[in-house]
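Engineer: Line order of the protein sequences matches chains A and B.
If you want the working numbering, it's the 1-based position in the first sequence plus 410.
If you want the working numbering, it's the 1-based position in the second sequence plus 410.
Ideal Cβ positions, reconstructed from N, Cα and C, are used throughout, including at glycine.
The structure is given below, and queries will be raised subsequently.
2 protein chains.
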Amino acid sequence: MRSRRDVDVPALVEQARAGSPRAVARLITLVENADPRLREVMAALAPHTGQARVIGLTGSPGVGKSTTTSMLVTGLRARGLRVGILAVDPSSPFSGGALLGDRIRLADHALDPGVYIRSMASRGHLGGLAWATPQALRVLDAAGCDVILVETVGVGQSEVEVAGLADTTLVLLAPGMGDGVQAAKAGILEIGDVFVVNKADREGADATVRDLRHMISLGDRTEPGLWRPPVLKTVAERREGLEELLEALDRHEAWMDDRGERARRRAERAAREVEAIALSELRSRMGDVRGNGVLQRVTAEVVAGRTDPYAAAEQVIAGLT
Amino acid sequence: MRSRRDVDVPALVEQARAGSPRAVARLITLVENADPRLREVMAALAPHTGQARVIGLTGSPGVGKSTTTSMLVTGLRARGLRVGILAVDPSSPFSGGALLGDRIRLADHALDPGVYIRSMASRGHLGGLAWATPQALRVLDAAGCDVILVETVGVGQSEVEVAGLADTTLVLLAPGMGDGVQAAKAGILEIGDVFVVNKADREGADATVRDLRHMISLGDRTEPGLWRPPVLKTVAERREGLEELLEALDRHEAWMDDRGERARRRAERAAREVEAIALSELRSRMGDVRGNGVLQRVTAEVVAGRTDPYAAAEQVIAGLT
């Protein structure tokens with residue numbers, strides 16, 4: 411382990427921009443660790459961001475997320491695009507475990523210099539996904555990724571959070587998992603821009619597709635001009651359905667640009683990111699407030715009856731900025 | 411119900427200071443409701459606070475808290491002191507229920523103009539006890555109470571919070587409830603300044619007293635000059651032990667003043683109160699941040715790559731003050 415002092419932020423940022431996977435990895439580790447130098451990192455990265463297309467990919471365990479990701483990477487690489495893969499584990503404070511398996515399944519691309527693969531833990535105490543993921547995306551964006559795939563297990567609220575981070579959200583299902591009906595309950599219908607029924611060679615695939623299409627048609631998405639999420643079939647293990655999937659993603663991209671939707675989603679993503687950083691910063695400063703003297707001073711005024719607790723709180727807040 | 415607009419804060423504060431129980435009750439209702447006019451109320455009350463002695467009273471259900479409170483009120487009233495009673499229910503977001511019974515047991519004092527009785531819910535979403543109780547204490551303090559008894563059921567962390575609010579904390583136990591041993595586990599030994607074994611006419615009272623004294627002697631409180639919490643016996647229903655209890659409370663008060671401990675506790679109490687208000691205020695302002703234009707403006711800069719999310723968060727924070 412190198413010590414903290416060894417990190418030369420400008421050099422690291424320069425190396426990451428030049429395409430060093432090692433530098434990219436180290437910068438994302440700074441994000442994971444909520445390193446205080448992130449401020450400097452993000453300032454250096456800012457002018458080089460905003461190019462990457464972010465595609466979220468979510469689904470229950472077992473639907474074939476990593477295989478589908480791998481297939482997508484093959485297709486995107488064939489187009490000459492640089493691809494970043496961020497596998498976010500919302501359930502664990504530490505990387506590894508389940509994600510190790512994902513990495514193995516992505517082994518096809520592990521030696522491709524045009525592909526970055528990174529798994530990341532979302533540490534609950536820092537605001538989790540909302541805090542860390544956008545910053546990791548910035549790193550990959552500035553490193554020259556044309557497309558970033560954010561893969562997360564669809565558990566709890568994490569898939570909704572990932573949808574909030576992506577330009578396009580791809581929801582994966584598999585036949586015979588009862589996913590069709592559950593999707594409606596879980597709110598997956600609201601977040602999906604493209605639905606994929608993977609393992610479509612299995613029995614029940616057509617029924618799952620039909621169920622999904624029916625549920626989507628029941629939604630509010632049939633008005634003219636609105637995006638109606640397509641439901642595709644893939645067998646990712648055999649790369650079947652890749653072209654249709656890429657085409658659907660292209661159509662969604664074109665639709666977004668047509669309607670100003672991409673700009674709207676990116677503004678919303680940046681707003682959430684800034685909010686999460688501001689909240690985390692305020693929490694940290696309030697934690698330090700006892701050490702900074704302001705609280706002690708205003709408290710003495712309150713005890714003496716010379717000021718009221720609201721006015722004192724106002725002074726504490728002013729002292730935070 | 412009178413509408414919000416009818417509340418004339420300066421008049422209400424004046425009436426409360428003149429001793430109107432109705433005005434006191436309405437001000438505490440403003441506290442319970444986290445009314446925005448509390449700022450004005452607290453500013454008006456500030457110069458008139460700091461006189462009341464705050465005694466916390468806690469114990470498990472069934473130990474006789476209300477009967478002991480009633481006995482204490484009798485003793486304090488005999489000394490000519492004005493008494494406020496604040497019964498805080500930490501487990502419920504609404505007043506009533508269990509507290510209704512307390513009010514009935516305090517019926518002896520209900521018509522005494524020198525006694526204010528008030529139960530209060532601690533609403534979790536506002537920071538609970540830490541936010542509301544100190545402000546209710548200010549109201550009673552400014553209304554001329556010489557002593558305020560804060561009564562709370564000893565469940566979870568609430569007794570520790572009440573101890574943080576009080577000048578003196580009185581912990582109540584009863585024989586045969588296994589309280590002696592549990593007290594040590596629950597951390598009650600750390601918060602009690604005076605221990606009372608109530609229902610001391612029951613079997614096992616002496617054993618409970620002995621257990622408690624033993625556990626206290628095991629603590630760190632035997633150094634010279636430190637306060638060693640006395641363990642008293644009462645039968646509150648028959649007013650037995652009242653004089654000894656009042657005397658123990660007096661001794662603790664004298665010890666505190668001797669050591670500057672009262673000033674220290676009050677400063678700590680005010681600091682927690684100011685922190686709780688500041689945090690609640692920051693949370694509320696962050697919630698409003700999307701409406702105030704600053705977030706939208708800085709977010710556009712982030713999307714354009716002209717600023718980084720940390721610098722943007724800094725601007726949002728600056729906009730909060």
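Could you pull out every residue in the same chain whose Cβ sits closer than 7 Å to the Cβ of Asn702/A, ignoring the five residues on either side in sequence?
Structural biologist: Here residue 702/A corresponds to residue number 292 of the first sequence, with the count starting at 1. The residues are Gly729.
Engineer: So Val726/B contacts chain A; which residues on that side make the cut at Cβ distance below 8 Å?
Structural biologist: One-based indexing of the second sequence puts residue 726/B at position 316. In chain order: Val684, Glu685, Ala688.
Engineer: Should Met452/B and Arg649/B be called a contact, given that it needs their Cβ atoms to be closer than 8 Å?
Structural biologist: Along the second sequence, one-based indexing puts residue 452/B at 42. Along the second sequence, one-based indexing puts residue 649/B at 239. Cβ atoms of Met452/B and Arg649/B: not closer than 8 Å.
Engineer: Which full runs of the alpha helix (DSSP H) of 4+ residues lie inside the segment 673 to 722 of chain B, going along the chain?
Structural biologist: 704 to 713
Engineer: Anything in chain A within Cβ reach of Arg449/B, meaning under 7 Å, just list it in chain order.
Structural biologist: Here residue 449/B refers to the residue found at position 39 of the second sequence. In chain order: Tyr720.
Engineer: Find the residues of chain A that neighbour Thr459/B, judging by a C-beta separation of less than 8 Å, and give them in chain order.
Structural biologist: In the second sequence, residue 459/B corresponds to position 49, counting from 1. By Cβ distance, chain A contributes Gly715.
Engineer: For Gly597/B, which residues from the same chain have a beta carbon less than 6 Å from its beta carbon, with the 5 sequence-adjacent residues on both sides left out?
Structural biologist: For the purposes of this step, residue 597/B is taken as the residue at position 187 of the second sequence. Within the same chain, Gly597/B has no close Cβ partners at all.
Engineer: Look at Ile601/B and Ala573/B and say whether their C-beta atoms are less than 8 Å apart.
Structural biologist: For this step, residue 601/B is matched to residue 191 along the second sequence. For this step, residue 573/B is matched to residue 163 along the second sequence. Yes, they are a contact pair.
Engineer: Could you work out which residue in Glu685/A, Val641/A, Val434/A is closest to Ile527/A when comparing CA atoms only?
Structural biologist: One-based indexing of the first sequence puts residue 527/A at position 117. Checking every option, the nearest Cα to that of Ile527/A belongs to Val434/A.
Engineer: Spell out whether any CB of chain A is found under 8 Å from the CB atom of Val417/B.
Structural biologist: Here residue 417/B corresponds to residue number 7 of the second sequence, with the count starting at 1. It does not; no Cβ of chain A falls within 8 Å.
Engineer: Quick one: list the residues of chain A neighbouring Arg676/B, beta-carbon separation under 8 Å, in chain order.
Structural biologist: Position 266 of the second sequence holds residue 676/B. Within chain A, the residues near Arg676/B are Val713.
Engineer: In this structure, does DSSP put Gly511/B in helix, strand or coil?
Structural biologist: As a working note, residue 511/B is residue 101 in the second sequence. The predicted model places Gly511/B with a pLDDT of 45, which falls under 50 and marks its position as unreliable; any figure quoted below should be read in that light. Gly511/B: helix per DSSP, three-state reduction.
Engineer: Return helix, strand or coil for Leu730/A, following the three-state DSSP convention.
Structural biologist: Indexing the first sequence from 1 puts residue 730/A at position 320. In the displayed model, Leu730/A falls within a helix according to three-state DSSP.
Engineer: Please confirm whether Met530/A has its beta-carbon closer than 8 Å to some beta-carbon of chain B.
Structural biologist: In the first sequence, counting from the first residue as 1, residue 530/A sits at position 120. Met530/A does not count as touching chain B.
Engineer: When you check each C-beta in the segment 432 to 445 of chain A against every C-beta of chain B, which residues fall closer than 9 Å?
Structural biologist: none
Engineer: Can you check whether the CB of Leu642/B is closer than 8 Å to the CB of Gly651/B?
Structural biologist: Locating residue 651/B in the second sequence gives position 241, counting from the first residue. Locating residue 642/B in the second sequence gives position 232, counting from the first residue. For Gly651/B and Leu642/B, yes; Cβs fall inside 8 Å.
Engineer: Name the DSSP bridge partner or partners of Arg463/A?
Structural biologist: Counting from 1 along the first sequence, the entry for residue 463/A is found at position 53. Its beta-bridge partners are Val557/A.
Engineer: Starting from the Cα of Ala610/A, find the closest Cα among Pro457/A, Thr459/A, Asp603/A, Leu582/A and give me that residue.
Structural biologist: Start at 1 with the first residue of the first sequence, and residue 610/A comes out as number 200. For the residues Pro457/A, Thr459/A, Asp603/A, Leu582/A, the minimum Cα distance to Ala610/A belongs to Leu582/A.
Engineer: Are the segment 675 to 682 of chain B and the segment 709 to 717 of chain A in contact at 8 Å, needing three or more beta carbon pairs?
Structural biologist: Because the criterion of three Cβ pairs below 8 Å is met, the segment 675 to 682 of chain B and the segment 709 to 717 of chain A touch.
Engineer: In whole angstroms, give me the CA-to-CA distance for Thr578/A and Tyr720/A.
Structural biologist: Here residue 578/A is taken as the residue at index 168 of the first sequence, counted from 1. Here residue 720/A is taken as the residue at index 310 of the first sequence, counted from 1. Cα to Cα, Thr578/A sits roughly 45 Å from Tyr720/A.
Engineer: Nearest to Gly614/A by CA position, among Gly586/A, Trp541/A, Gly466/A, is which residue?
Structural biologist: On the first sequence, residue 614/A is found 204 positions in, with the first residue counted as 1. Closest by alpha carbon: Gly586/A.
Engineer: Is the beta carbon of Val560/B closer than 8 Å to that of Gly466/B?
Structural biologist: Residue numbering aside, residue 466/B sits at position 56 when the second sequence is read from its first letter. Residue numbering aside, residue 560/B sits at position 150 when the second sequence is read from its first letter. Yes, the pair counts as a contact, with Cβ atoms nearer than the cut-off.
Engineer: Specify the secondary structure class of Val641/B as computed by DSSP and reduced to three states.
Structural biologist: In the second sequence, counting from the first residue as 1, residue 641/B sits at position 231. Look at Val641/B here: in three-state DSSP terms it is strand.
Engineer: So Leu636/A contacts chain B; which residues on that side make the cut at Cβ distance below 9 Å?
Structural biologist: The sequence position of residue 636/A within the first sequence is 226, counting from 1. Result: empty, since nearest Cβ-Cβ is about 24 Å, beyond 9 Å.
Engineer: Please report the residue range of the alpha helix (DSSP H) in which Val604/A lies.
Structural biologist: Within the first sequence, numbered from 1, the residue matching residue 604/A stands at position 194. Unbroken run through Val604/A is the beta strand (DSSP E), 604 to 607; no alpha helix (DSSP H).
Engineer: Starting from Val473/A and walking both ways along the alpha helix (DSSP H), at which residues does that stretch end?
Structural biologist: Here residue 473/A refers to the residue found at position 63 of the first sequence. Segment: none, Val473/A is in no alpha helix (DSSP H) and carries neither H nor E.
Engineer: Who are the neighbours of Glu561/A on chain B, taking C-beta pairs under 8 Å?
Structural biologist: Locating residue 561/A in the first sequence gives position 151, counting from the first residue. Per Cβ cutoff of 8 Å: no residues; Glu561/A is ~23 Å from chain B at best.
Engineer: Answer yes or no: does any C-beta atom of chain B fall closer than 8 Å to that of Val641/A?
Structural biologist: Within the first sequence, numbered from 1, the residue matching residue 641/A stands at position 231. By this cut-off, Val641/A is not an interface position.
Engineer: With Val498/B and Thr543/B assumed to form a contact (beta carbons below 8 Å), what rounded beta-carbon distance in angstroms separates them?
Structural biologist: Translated into the one-based positions of the second sequence, residue 498/B becomes position 88. Translated into the one-based positions of the second sequence, residue 543/B becomes position 133. Between Thr543/B and Val498/B the Cβ distance is about 6 Å, and since that is below 8 Å, they are a contact.
Engineer: Identify the contact partners of Ala453/B in chain A, using a Cβ-Cβ distance below 9 Å as the criterion.
Structural biologist: As a first step, residue 453/B is located in the second sequence; it is residue number 43 there, counting from the start. Chain-ordered, the chain A residues with CB closer than 9 Å to the CB of Ala453/B read Thr717, Asp718, Tyr720, Ala721.
Engineer: Hey, would you say the C-beta of Val604/A is under 7 Å away from at least one heavy atom of the ligand FMN?
Structural biologist: Looking at this structure, you won't find the ligand FMN or any other ligand, since it has none at all.
Engineer: Give me the Cα-Cα distance between Ala743/A and Val604/A, rounded to the nearest whole angstrom.
Structural biologist: Residue 743/A lies beyond the residue range present for chain A, which begins at 411 and ends at 731; the question has no answer from this structure.
Engineer: Could you tell me which chain B residues have their CB closer than 9 Å to the CB of Ala553/A, listed as they occur along the chain?
Structural biologist: Sequence index remark: in the first sequence, residue 553/A carries index 143 (1-based). Residues of chain B passing the Cβ test: none, with the nearest at roughly 14 Å.
Engineer: Keeping to the same chain, check which residues put their C-beta closer than 8 Å to that of Leu422/A; ignore five residues upstream and five downstream.
Structural biologist: Indexing the first sequence from 1 puts residue 422/A at position 12. These residues qualify, in order along the chain: Ala433, Arg436, Leu437, Val451.
Engineer: Val708/B and Ala688/B - do their beta-carbons sit closer together than 8 Å?
Structural biologist: Position 278 of the second sequence holds residue 688/B. Position 298 of the second sequence holds residue 708/B. No. Outside cutoff.
Engineer: The segment 694 to 706 of chain A: which residues have C-beta closer than 9 Å to a C-beta of chain B, in chain order?
Structural biologist: Arg695, Met696, Val699, Arg700, Leu705, Gln706
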